[in-house]
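Keeping their order, the protein sequence lines are chains E and U.
In terms of the working numbering, the first sequence opens at residue 57 and continues consecutively.
In terms of the working numbering, the second sequence opens at residue 1347 and continues consecutively.
Heads up, the beta-carbon is just placed ideally off N, CA and C, and yes, glycines get one too.
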Amino acid sequence: MNPARAIVLAAILAVLAVLAWLISTERSDKTDRALFPELTLETLNEIDRIEIAERGAVTGGVYRGDDGLWRVPGHHDHPADIVKIRRLLSDLQGAEKIEQKTSSPEHYAALGVAGPEAGEGGGKLLTLKDASESRQLILGNPSRQVSGGRYVRKPDEAESWLVNAGFELPAAPAEWLDKDIVHLEPSEVVKATITHAGGKPFTVARGGDGELGIADLPKGRVLKNAFNLKQIASVTDYLQFKSVFPSAGHDIALPKKYITVKIVTANELTLVIKAYKAKDDKTYFMLDADGTSEQAKELKQHLSAWLYEVSSTIYNNVDKRLDDFLKDA
Amino acid sequence: MKKLLKINFPPSALLTALVVLFFALMILNNALLRGMRLDLTANNLYTLSEGTRNILEQIQEPINLYLFFSERETKDLPGLRNYYNRVREVLEEYSLIAGGKLNVHYVNPEAFSEEEDRATQLGLQAATIKGGEKVYFGIAGTNALDTIEVIPFIQTSRETFLEYDLGKLIYSLAHVKKPVLGLMSDLPMYPTQLDPATGRMNEPWIITEQLEQLFDVELVFTDTAAIAEDVDVLMVVHPKNLPEKTMYAIDQFVMRGGKGLFFVDPYADVDQVPQPADTPLQDPKAQSSNLNRLFRAWGFTVDENSIIGDIERAMPVTIQSGQPPVPHPAVLNSRTSDFNQEDVVMSALESVNFYLASHVRLEQNADVELTPLVQTSTQAMPIPIQRFRFIPHPRTLLEGFTATGERYPIAARIQGTFKSAFDGPPAGEDGDQGASDEGSGAVGPHIAETAQPGIIAVIADADVLTDRMWSQVQRFFGQRIVQPFANNRDFVINLADNLFGSNDLIGIRSRASYSRPFTRVEAIEREASQKYRATEQSLQNELRETETKLQELQQERTDKKSALLTASQQEEIRKFQEKKVEIRKKLRNVRHQLVKDIENLGARLKAVNIIVVPIVVTTVALVAGFLRVRRRRHGARI
């Protein structure tokens, strides 16, 4: 072959090869793996409402109030558990599509992505709202194929997907609530005074050695067991409620006989608990805080707004009399 | 363009152009000619069956296949690596044909990696090699739903069935609905049936339990007038005295393309029919089943007048307690050599036991094809069924036994166009002739023959399904523990599974091995080996004699009072020891020489391939070039 011909042919083929390569690159799958590519950290912070619907009805969710706190509607707008909200939004933002699944409506129910109107196999419809936009996702069944994976589908799309996120949702609307009432380390408690209605108060106080003891121990009496005193100091250690009501407007009357527990901490925070058992045999705490610190002021504002139902175990820890701790010397 | 061609480019430009030309051709080849194939191998190893193509082209929703292969751990396993490359090539071709509906992913599951965790989670099995390292070589497939199908480890021994195994995997993923097996039988196979022997509800046969695990089993009554549309395979076991309407229903089921699996038996031991007290003789016909009324029309029959005896496959049976077992020529232990090894149903089985079975034969001028699955040996003959009336001693069955030399099919697959055994629906119960289709209960109008080639399987024995023919069952805290001693269960499951697999899957043929050995080299190696083996054998014999003699000498005690050997005895022993050393040295030399000769052969072949062929090609090119130059000069002179 003429050298010139070879060179010209090479040039032509080179151009064709580049075109072929460009076409094959375009043909290659460029599916964006992110489930919600538009969800960035910035846009996540703009979301102010999360709703969950099943079988055509809204069954749970949270919203962000004007004060910036996330709250649970249907539960007196009590603050929500921010950790659960953060985890859900983080899962959504980081979720990636692993495999495309069925686009056939007759098979949606098998994956649980038929939609909330469908009943069985409908999954849960998750709606994220901000000021301008609403994003929806049908959460289907967990996947056997990928550990922690789940089947999902956007309602306006036919394709369903296996994604690499589990999207843990609270089982019941009440599970969105932030159930922490207060947390005071037992070691911070300096003294706790328990007064039963019409009775004589007694005080559990920390002595110079740092150990808890009964203040003004009656003569001829000694402690049965020092451990029991720690239970009183531990009442406010990660104290959680079972259910919550606004302090104004509830119909759970404060009975005449109730227990007052006054807890004082090393940083001069005073926590007053009114503990009582109502007619329905459930046990409740009303709390108030006092002190000069910022912590005291925040606690006062928050605690005084609520009445808490607590477990009977916690109630029993404060339903104590002096004789319960002492024996004859 | 003409001006361009007249430019005098420098030599370096030509070289660059050639390199660009090479890469451009490679890229264009990959981009444009990727799917093109020209299979020049013997047995068309790289050409897919039409069945496979159909399965791939009919995939509706995306299927993902994950091929796991341990790269690092297999670097010293060339056989396995070659097979992996073969599997990979096949999957790439599948992916092209499926047009984007089949996605293949290649995963290297290194130890303690997420990929290894995924392999375990999906159900793959690792093989442990030397050093305790794990090797993964399996496929997991997922479909558009939550289904996972797995080949836990791709066995090289199943190379000939690679296309079938992959096709079945993909077919199962593409068809998510559990296939429906209609089971028709009056035998106590099912737990809802009363065991006549005990009068209590029976436990299901183990095979029935297995079928229920794999398929959606629906009971079909033996007096039904129609087989439901959703039944994919109809399994009829020991059909006795079926009413006309049921025979018609079975006939029409096959005519409309349904797959039949028939177990008919001239003398089913499991069918314990009480004999009247005044009838001393056992009537074999009372325990007989057949559907020759239908089979004959379809092109074959099952012999209902004889039972196959096979003296080579006779199983020992205990006739009397305390007496040793006696081979029974009609109780057969069929083995690998009796199986159709090219059929995927039979290839992995080792033995299947039959009890008083008959055989299947094609009718003359039948328009169907009979493929034997299990046959007798050549030492077999049909024994008239009347000889079994007296529950004869096995020895009496051998009287007059003359093997015909023929191999009789006990189980067979029949394919082709089946013609109905009926002209129309049978008369209704009210006796009206030509009752309407609605009156007969038939599903749809009468079908005279199959529109597409039909497929059925026939086994001339019903006892093959019973637990005692293939397993020992023990009780452990109320659970049945099954210990199989034959592959009867696998045989039945494979058959049913195969029939479910659509005509496309059944049509995928087994392949010849894709291994292409150098037969000439192997022949040369064999000749060399034989030459040295003779010498080696002679030396081995001499060595053995010497060692024997040595032993004798060392144990000789002419003087019984003395433990020591005499000087002459010691000298003789020393000579034999030296001889032994010499012989072993010669043996080593013989073996070294053999290995050396084979290595030299290998070296010669390599030299030919690496040096001689290029020299020849270059020489031819040079000669051609020289001749062309000479022609040009000659032309210039003129």
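Fill in: Which listed residue (F1369(U), P1589(U), I1373(U), I1485(U)) has its alpha carbon closest to that of F1415(U)
In the second sequence, counting from the first residue as 1, residue 1415(U) sits at position 69. Looking at the Cα atoms, I1485(U) is the closest of the given residues.
Practice prompt. Would you mind reading off the limits of the alpha helix (DSSP H) that contains K1514(U)?
Written response: Within the second sequence, the letter at position 168 stands for residue 1514(U). Taken as a continuous stretch (DSSP letters only), the alpha helix (DSSP H) holding K1514(U) covers 1508-1520.
Worksheet item: Going along chain U in order, which residues have a C-beta closer than 7 angstroms to the C-beta of R200(E)?
Response: Within the first sequence, residue 200(E) is the residue found at index 144, counting from 1. Here the neighbours are D1492, I1494.
Item to complete: Decide if the segment 253-268 of chain E is in contact with the segment 348-368 of chain E; the criterion is three or more beta carbon pairs, one per stretch, under 8 angstroms apart.
Response: No, the segment 253-268 of chain E is not in contact with the segment 348-368 of chain E.
Worksheet item: Within 9 angstroms (strictly less), CB to CB, does Q1404(U) reach chain E?
Response: Translated into positions along the second sequence, residue 1404(U) becomes position 58. Chain E, which has no Cβ nearer than 9 angstroms to the Cβ of Q1404(U), makes this no.
Worksheet item: Looking at the structure shown, is L1743(U) part of a helix, part of a strand, or coil, going by DSSP?
Response: Position 397 of the second sequence, counted from the first residue, corresponds to residue 1743(U). Looking at L1743(U) - three-state DSSP - the assignment turns out to be helix.
Discussion item. Short of 8 angstroms Cβ to Cβ, which residues in the segment 150-168 of chain E face chain U?
Written reply: E155, Q156, K157, T158, S159, S160, H163, A166, L167
Practice prompt. Since I believe K330(E) is in contact with T321(E) (beta carbons under 8 angstroms), could you give me their beta-carbon distance rounded to a whole number of angstroms?
Written response: Along the first sequence, read from residue 1 onward, the residue named residue 321(E) stands at position 265. Along the first sequence, read from residue 1 onward, the residue named residue 330(E) stands at position 274. With 8 angstroms as the limit, T321(E) and K330(E) do not qualify as a contact, their Cβ atoms being about 18 angstroms apart.
Worksheet item: Quick one, which of G150(E), L144(E), I106(E) has its alpha-carbon nearest A90(E)'s?
Response: On the first sequence, residue 90(E) is found 34 positions in, with the first residue counted as 1. That would be G150(E), whose Cα lies nearest to the Cα of A90(E).
Worksheet item: Do you know offhand how far L1411(U)'s Cα is from V202(E)'s?
Response: For the purposes of this step, residue 1411(U) is taken as the residue at position 65 of the second sequence. For the purposes of this step, residue 202(E) is taken as the residue at position 146 of the first sequence. Straight across, the Cα-Cα distance linking L1411(U) with V202(E) is about 14 angstroms.
Worksheet item: With burial defined as no fewer than 16 other Cβ atoms inside 10 Å of the residue's Cβ, what is the status of R262(E): buried or exposed?
Response: Here residue 262(E) corresponds to residue number 206 of the first sequence, with the count starting at 1. Here R262(E) is buried. Its C-beta has 16 or more other C-beta atoms within 10 Å.
Worksheet item: When the cut-off is 9 angstroms and only beta carbons count, does E1407(U) lie next to chain E?
Response: Within the second sequence, residue 1407(U) is the residue found at index 61, counting from 1. E1407(U) counts as touching chain E.
Item to complete: Mind checking the segment 1459-1491 of chain U against chain E and listing, in chain order, the residues whose C-beta falls within less than 9 angstroms of any C-beta there?
Response: D1463, R1464, Q1467, L1468, A1486, T1488, N1489, A1490, L1491
Worksheet item: Between the beta-carbon of L1413(U) and the beta-carbon of R1434(U), is there less than 9 angstroms?
Response: The residue you call residue 1413(U) lines up with position 67 of the second sequence. The residue you call residue 1434(U) lines up with position 88 of the second sequence. Result yes, Cβ atoms of L1413(U) and R1434(U) sit closer than 9 angstroms.
Discussion item. Check this for me: beta carbons of I1802(U) and K1524(U), under 9 angstroms apart or not?
Written reply: Taking the first residue of the second sequence as position 1, residue 1802(U) is located at position 456. Taking the first residue of the second sequence as position 1, residue 1524(U) is located at position 178. Result no, Cβ atoms of I1802(U) and K1524(U) do not sit closer than 9 angstroms.
Practice prompt. Classify H1584(U) as buried or exposed, calling it buried when 16 or more other Cβ atoms lie within 10 Å of its own Cβ.
Written response: For the purposes of this step, residue 1584(U) is taken as the residue at position 238 of the second sequence. Per the 10 Å Cβ criterion, buried.
Worksheet item: Quick one: is I1497(U) near chain E, going by C-beta distance under 9 angstroms?
Response: Residue 1497(U) sits at position 151 when you count from the first residue of the second sequence. So, not an interface residue.
Worksheet item: Among Y1536(U), E1403(U), F1608(U), which has the Cα closest to the Cα of V1520(U)?
Response: Sequence index remark: in the second sequence, residue 1520(U) carries index 174 (1-based). Note that residue 1520(U) corresponds to Ala in the displayed sequence, not to Val. Among Y1536(U), E1403(U), F1608(U), the Cα nearest to that of A1520(U) belongs to E1403(U).
Worksheet entry | A1676(U) to Q1725(U) span [Cα, whole Å] | Working through the second sequence from its first residue, we reach residue 1676(U) at position 330. Working through the second sequence from its first residue, we reach residue 1725(U) at position 379. If I take the Cα positions, the gap works out to 12 angstroms.
Worksheet item: By how many angstroms is the C-alpha of A1595(U) removed from the C-alpha of E1564(U)?
Response: Sequence index remark: in the second sequence, residue 1564(U) carries index 218 (1-based). Sequence index remark: in the second sequence, residue 1595(U) carries index 249 (1-based). The straight-line gap from Cα to Cα measures roughly 16 angstroms.
Worksheet item: By the criterion of Cβ-Cβ separation under 8 angstroms, what are the contact partners of L72(E) in chain U?
Response: Here the question's residue 72(E) lines up with position 16 in the first sequence. Contact note: L72(E) reaches chain U through A1370, L1374, using a C-beta cutoff of 8 angstroms and chain order.
Fill in: Sufficient close CB pairs (3 or more, under 8 angstroms) joining the segment 1685-1698 of chain U to the segment 1724-1743 of chain U
no
Item to complete: Taking the CB atoms as reference points, tell me whether L195(E) and G205(E) lie closer together than 9 angstroms.
Response: On the first sequence, residue 195(E) is found 139 positions in, with the first residue counted as 1. On the first sequence, residue 205(E) is found 149 positions in, with the first residue counted as 1. Not closer than 9 angstroms, so no.
Worksheet item: Looking at the structure shown, is I1793(U) part of a helix, part of a strand, or coil, going by DSSP?
Response: Taking the second sequence and counting its residues from 1, the one referred to as residue 1793(U) is at position 447. DSSP places I1793(U) in coil when its eight states are reduced to three.
Worksheet entry | Residue-level contact to chain E via CB, A1694(U), 9 angstroms cutoff | Translated into positions along the second sequence, residue 1694(U) becomes position 348. For A1694(U), the answer is no, since every Cβ of chain E falls outside 9 angstroms of its Cβ.
Worksheet item: On the three-pair Cβ rule with 8 angstroms, is the segment 1524-1534 of chain U touching the segment 1552-1564 of chain U?
Response: yes
Worksheet entry | Chain-ordered neighbours of L195(E) on chain U, where CB pairs are closer than 8 angstroms | Locating residue 195(E) in the first sequence gives position 139, counting from the first residue. At a C-beta separation below 8 angstroms, L195(E) has no neighbours in chain U, since its nearest C-beta there lies roughly 15 angstroms away.
Discussion item. Against chain E, does A1806(U) count as a neighbour if the rule is that its beta carbon must be under 9 angstroms from one of theirs?
Written reply: The residue given as residue 1806(U) occupies position 460 in the second sequence. Cβ-Cβ to chain E under 9 angstroms: no for A1806(U).
Worksheet item: Can the beta-carbon of A62(E) be found less than 9 angstroms from the beta-carbon of A1363(U)?
Response: Your numbering for residue 62(E) matches position 6 in the first sequence. Your numbering for residue 1363(U) matches position 17 in the second sequence. Yes, the Cβ-Cβ distance between A62(E) and A1363(U) is below 9 angstroms.
Worksheet item: Ordered along the chain, which non-local residues of its own chain (more than five positions away) have a Cβ less than 7 angstroms from that of G130(E)?
Response: Within the first sequence, residue 130(E) is the residue found at index 74, counting from 1. Excluding residues within five positions, the ones whose Cβ falls inside 7 angstroms are P229.
Practice prompt. Look at the alpha carbon of G1445(U) and the alpha carbon of E1407(U), and state the distance between them as a whole number of angstroms.
Written response: Translated into positions along the second sequence, residue 1445(U) becomes position 99. Translated into positions along the second sequence, residue 1407(U) becomes position 61. For G1445(U) and E1407(U), the distance between alpha carbons rounds to 11 angstroms.
Fill in: Short Cβ contact (9 angstroms threshold) for F1483(U) with T1420(U)
By 1-based counting over the second sequence, the position of residue 1483(U) is 137. By 1-based counting over the second sequence, the position of residue 1420(U) is 74. The answer is yes: Cβ separation under 9 angstroms.
Discussion item. Could you compute how far the alpha carbon of D1597(U) sits from the alpha carbon of I1665(U)?
Written reply: Counted from its first residue, the second sequence places residue 1597(U) at position 251. Counted from its first residue, the second sequence places residue 1665(U) at position 319. Taking the straight line from one Cα to the other gives about 41 angstroms.
Worksheet item: Among residues of its own chain, excluding the 5 on either side of P1799(U), which ones have a beta-carbon nearer than 8 angstroms to its beta-carbon?
Response: Along the second sequence, one-based indexing puts residue 1799(U) at 453. Hits under 8 angstroms: Q1761, G1762, T1763, N1849.
Worksheet item: Are the Cβ atoms of A1749(U) and V1706(U) separated by less than 9 angstroms?
Response: As a working mapping, residue 1749(U) is identified with position 403 in the second sequence. As a working mapping, residue 1706(U) is identified with position 360 in the second sequence. No, the pair does not count as a contact, with Cβ atoms beyond the cut-off.
Worksheet entry | Three-way DSSP call (helix, strand, coil) for G1762(U) in this model | Position 416 of the second sequence, counted from the first residue, corresponds to residue 1762(U). Strand.
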